[in-house]
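*Asks:*
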Ligand code: CP
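Numbering (the numbering used here), first residue to last: 22 to 323.
Now the structure itself:
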């Protein structure tokens with residue numbers, strides 16, 4: 022049984038293979054190949070118990086491209102509102118014929134729990150502040166497009182590190198592939214666990230900007246922030262926002278990433294998000310191919 026619930030323990034070879042498969046799928050789609058035979062007749066339950074736009078729709082598109090049936094799940098109109106547990110809901114999806122369950126949940130460890138108990142491949146679409154492995158995969162595909170190699174690459178991860186499953190999964194992936202990670206964020210939003218993985222820590226965005234090949238700007242996660250963690254969004258922008266003036270200090274070749282949704286005018290300004298360094302919308306496009314690679318991987322195709 023193959024799952025894809027995090028990058029913490031993934032083998033480097035599997036991760037590298039997933040990047041290669043995602044790039045190959047992208048090439049084949051661009052050339053007009055029909056890939057609907059790959060997962061023809063399979064059913065993929067999309068159990069999103071937390072809000073999503075990109076991840077949900079890119080999984081749905083990934084299913085369509087590979088010929089699988091996406092089974093949409095709407096938490097608000099499901100029997101979870103009557104008290105049905107996550108595990109029982111997942112059992113329902115298994116019993117009606119799902120071959121794999123993609124789950125997003127606010128609770129850390131929810132996908133891992135299903136993976137241990139359900140007897141069906143589980144893919145994490147993000148669990149609380151823990152991991153978002155398919156986001157990291159699409160980020161790695163995007164970085165690979167620009168730099169071809171991860172060895173010696175320096176990637177800055179900046180902002181609300183504490184609540185960021187994106188930061189955690191990306192850091193696991195980058196370190197496995199030989200890249201250097203520099204982490205920075207306001208004191209209360211910067212936890213030491215990424216440093217324990219070998220990421221270096223800087224206290225100011227201005228100390229990161231000029232030394233990295235790529236800068237991942239993290240979203241301020243209003244839904245997970247306690248009131249006391251952030252003085253104001255205006256103050257956040259002053260010290261941690263990627264403004265036009267700040268981005269001018271990046272190396273000429275350096276690129277800007279963001280997992281989105283963006284808080285424009287807070288962690289990133291419009292002129293940067295929509296500017297020439299930005300690969301943010303490429304990331305979203307790569308999400309479909311990354312998720313095609315993962316679905317293919319967990320359903321036992323080569
Ligand atoms: N980046 C990301 O996970 O976006 P969604 O929450 O819209 O899926």
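From the three backbone atoms N, C-alpha and C, an ideal C-beta is built for every residue, glycine too.
Values in this document were obtained by computation on a predicted structure and should not be read as measured data.
Around the Cβ of residue 30, are there at least 16 other Cβ atoms within 10 angstroms (buried) or fewer (exposed)?
*Replies:* Result: exposed.
*Asks:* Just the C-alpha distance for residue 294 and residue 117, rounded to the nearest angstrom, thanks.
*Replies:* Their backbone Cα atoms lie some 43 Å apart in a straight line.
*Asks:* Compute the Euclidean distance between the alpha carbons of residue 313 and residue 259, then round it to the nearest angstrom.
*Replies:* Cα-Cα distance, rounded: 39 Å.
*Asks:* Indicate the three-state DSSP secondary structure (helix, strand or coil) for residue 224 in the structure shown.
*Replies:* Residue state, collapsed to three classes: coil.
*Asks:* For the ligand CP, any of its heavy atoms closer than 7 Å to the Cβ of residue 163?
*Replies:* For the ligand CP, not one heavy atom lies less than 7 Å from the Cβ of residue 163.
*Asks:* Exposed or buried, which one is residue 80 when buried takes at least 16 other CB atoms within 10 Å?
*Replies:* By the neighbour-count rule (16 or more Cβ atoms within 10 Å), residue 80 is buried.
*Asks:* Rounded to whole angstroms, what's the CA-CA distance from residue 168 to residue 153? Just pull it up for me.
*Replies:* Answer to the nearest angstrom: the Cα atoms are 22 Å apart.
*Asks:* Using 8 Å for Cβ pairs, my map puts residue 319 next to residue 25. What's the rounded Cβ distance?
*Replies:* That pair is a contact at about 6 Å.
*Asks:* Expressed to the nearest angstrom, what Euclidean distance is found between the alpha-carbon atoms of residue 323 and residue 317?
*Replies:* Note that residue 323 has pLDDT 48, beneath the 50 cutoff, so the model's placement of it is unreliable and no number is given.
*Asks:* Thinking C-alpha only, which one of 281, 231, 206, 235 is nearest residue 224?
*Replies:* The shortest C-alpha separation from residue 224 is found at 206.
*Asks:* When you compare only the Cα positions, how much space is there between residue 234 and residue 203?
*Replies:* Computed Cα separation, rounded: 11 Å.
*Asks:* For the 8 Å Cβ check, are there 3 or more pairs between the stretch 41–51 and the stretch 101–112?
*Replies:* Result no; under three Cβ-Cβ pairs closer than 8 Å.
*Asks:* Can you list the residues near the ligand CP, meaning Cβ strictly closer than 5 Å to any non-hydrogen atom, in the order they appear in the chain?
*Replies:* Counting every residue whose Cβ lies closer than 5 Å to a heavy atom of the ligand CP, we get 73, 74, 75, 76, 280.
*Asks:* Determine whether the Cβ of residue 138 lies closer than 8 Å to any Cβ atom of chain C.
*Replies:* No chain C is present in this structure, which holds just one protein chain.
*Asks:* Counting C-beta neighbours from all protein chains within 10 Å, is the total for residue 36 16 or more, i.e. buried, or is it exposed?
*Replies:* Buried, since its Cβ has 16 or more Cβ neighbours within 10 Å.
*Asks:* Whether or not the stretch 123–135 and the stretch 156–174 are in contact is what I'm after, with contact meaning three or more pairs of Cβ atoms, one per stretch, closer than 8 Å; do they touch?
*Replies:* Short answer: they don't touch.
*Asks:* Please report the residue range of the beta strand (DSSP E) in which residue 126 lies.
*Replies:* Residue 126 -> beta strand (DSSP E) spans 121–126.
*Asks:* Determine the DSSP secondary structure at residue 280, reduced to helix, strand or coil.
*Replies:* Residue 280: coil per DSSP, three-state reduction.
*Asks:* Rounding to the nearest angstrom, what Cα-Cα distance links residue 210 and residue 176 in this structure?
*Replies:* For residue 210 and residue 176, the distance between alpha carbons rounds to 19 Å.
*Asks:* What are the boundary residues of the alpha helix (DSSP H) that includes residue 25?
*Replies:* Careful: residue 25 lies outside any alpha helix (DSSP H) and carries neither H nor E.
*Asks:* Please tell me whether residue 56 and residue 86 are closer than 8 Å, where the distance is taken between their beta carbons.
*Replies:* For residue 56 and residue 86, yes; Cβs fall inside 8 Å.
*Asks:* What is the DSSP secondary structure of residue 320, reduced to helix, strand or coil?
*Replies:* Residue 320: coil per DSSP, three-state reduction.
*Asks:* Grab me the residues of residue 229's own chain with a C-beta within less than 8 Å of its C-beta, minus the 5 sequence neighbours each way, in chain order.
*Replies:* Only 177, 179, 203, 205, 223, 236 meet the Cβ criterion.
*Asks:* Which partner residues of residue 177 appear in the DSSP bridge assignment?
*Replies:* Residue 177 is bridged to 203, 236.
*Asks:* With distances taken from CA atoms, which of 276, 287, 321 is nearest residue 304?
*Replies:* Closest option to residue 304, Cα to Cα, is 276.
*Asks:* What is the DSSP secondary structure of residue 308, counted as helix, strand or coil?
*Replies:* Helix.
*Asks:* Assuming contact is defined by CB atoms lying nearer than 8 Å, are residue 280 and residue 187 in contact in what I supplied?
*Replies:* Cβ atoms of residue 280 and residue 187: closer than 8 Å.
*Asks:* Can you tell me whether DSSP reads residue 268 as helix, strand or coil?
*Replies:* Looking at residue 268 - three-state DSSP - the assignment turns out to be helix.
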